[in-house]
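K.L.:
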Amino acid sequence: MGTAKASATGSDQGSLLLRDDDAQARTAKELVVEVLGNDAVNLADGTGMPMAQAQEAGDVQIAVESGPGSGSAKVEDGTIVYTSNPDFEGDDVINYRVTFKGAKEPMTASAVLRIHVSPGAE
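Residue numbering for the sequence shown follows numbering that gives the first Met the number 0, starting at 0 and increasing by one per position.
#1: Using a 10 Å radius around the Cβ and a threshold of 16 neighbouring Cβ atoms, would you call Asp44 buried or exposed?
#2: With which residues is Pro49 paired in a DSSP beta bridge?
#3: Would you identify the three-state DSSP class for Gln54, choosing helix, strand or coil?
#4: Roughly how far, in whole angstroms, is the beta-carbon of Gly77 from the beta-carbon of Gln54, given that I think they are within contact range, below 8 angstroms?
#5: State the beta-bridge partners of Lys73 as determined by DSSP.
#6: Per DSSP, Thr98 forms a beta bridge with which residues?
Structure (structure tokens):
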């Protein structure tokens, strides 16, 4: 699915393991991507959990950092919702940030969502 990335706020905090995401979309059609499905949080005490589980507990915040270049993106209910421009066909990229608030101090890491957009049937 993509490249593994890790970021630790400090050795006493733990780490976030975010993996880049890839998706397919149709031109000008809304696409909902569950970007947390392949990510995890590892706490300093040796415990960990899937990021989607942490999100259900209300401990995760997602924010779009940059992009897309040829469409729009918003965060909604722990997902990224993407819609390409009406005449766009090709690849688009969204850089997003995940913050885990369930540790002593918030931990933050970034990842990339790559979307291949192709024309759809009318």
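Beta carbons are placed, not taken as given, at the ideal position from N, Cα and C, and that holds for glycine. Nothing here was measured: the structure is a model prediction, and the numbers come from that model.
P.N.:
With the given structure in hand:
#1: By the 10 Å Cβ count, Asp44 comes out exposed.
#2: Beta-bridge partners assigned by DSSP to Pro49: Ala39.
#3: helix
#4: 5 angstroms
#5: Val80
#6: Gln60, Thr107
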